Amino acid sequence: MVPLCPEVAAGLPVPRVPAEISGGRGAEVLAGSAKVLGINKEDLTEQFIRGAKRALQLCLQHNIKYAVLTENSPSCGSDYIYDGSFSGAKIVGSGVVSALLRREGIQVFNQDIVGRLRKLLEVSRDN
Numbered sequence: 063m064v065p066l067c068p069e070v071a072a073g074l075p076v077p078r079v080p081a082e083i084s085g086g087r088g089a090e091v092l093a094g095s096a097k098v099l100g101i102n103k104e105d106l107t108e109q110f111i112r113g114a115k116r117a118l119q120l121c122l123q124h125n126i127k128y129a130v131l132t133e134n135s136p137s138c139g140s141d142y143i144y145d146g147s148f149s150g151a152k153i154v155g156s157g158v159v160s161a162l163l164r165r166e167g168i169q170v171f172n173q174d175i176v177g178r179l180r181k182l183l184e185v186s187r188d189n
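Residue numbers (our numbering): 63 to 189.
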């Protein structure tokens, strides 16, 4: 297991301002047609792309085929992200890291899979 927070790896502070993708999803951020904006309207797109590239670099370096990432995040959301309005509304879509990793053939899952996988492994072990 290789732990990483792409946002921290890109130089963003902890804590940091809330950020959401505006104008699309992670794939559109990578393509340059959407941005990642902080709640204060600061453009954080460059940092989020840099963090995604760092995550991909680690995956390639360690031959990682599967990534477990935090759902709803503009970086790591695998199935859902916030809609860019900072209202708490979510949309179907993936964050910047998830989009990049998937594009490169790495399977992405959210953190809820860990508990489900543990249960599946326990059941198969008992059978």
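Yeah, the Cβ is synthetic: ideal placement off N, Cα and C, and Gly gets one too.
Since the structure is predicted, the reported quantities are computational estimates derived from the model, not experimental observations.
- Note on the region 75-149: whole beta strand (DSSP E) runs with a minimum of 3 residues are 81-84, 97-100, 128-131 and 142-144, in chain order.
- If you ignore the 5 residues before and after Val159, its C-beta comes within less than 6 Å of the C-beta of Pro68, Ala114, Ala117, Ser137 and Cys138, all in its own chain and listed in chain order.
- Under the 10 Å beta carbon count, Ala151 is surrounded by fewer than 16 other beta carbons and is classified as exposed.
- In the structure shown, Val64 adopts coil according to DSSP, grouped into three states.
- Annotated as proximal: Leu106 and Ala81, with beta-carbon spacing under 7 Å.
- Annotated as proximal: Val79 and Ile101, with beta-carbon spacing under 7 Å.
- Taken through DSSP and simplified to helix, strand or coil, Ile153 comes out as strand.
- An exposed status is given to Glu104, since fewer than 16 other beta-carbon atoms sit within 10 Å of its beta-carbon.
- Spatial neighbours of Glu166 in its own chain (CB-CB distance under 7 Å, excluding positions within 5 residues in sequence) are listed in chain order as Leu118.
- Judged by DSSP secondary structure, Ala161 falls within the alpha helix (DSSP H) whose first and last residues are Val158 to Arg165.
- Counting only the Cα atoms, Leu179 lies some 20 Å from Asn134.
- One thing to note: Gly86 has its Cβ no nearer than 7 Å to the Cβ of Ala72.
- The alpha-carbon separation between Val76 and Leu182 amounts to approximately 35 Å.
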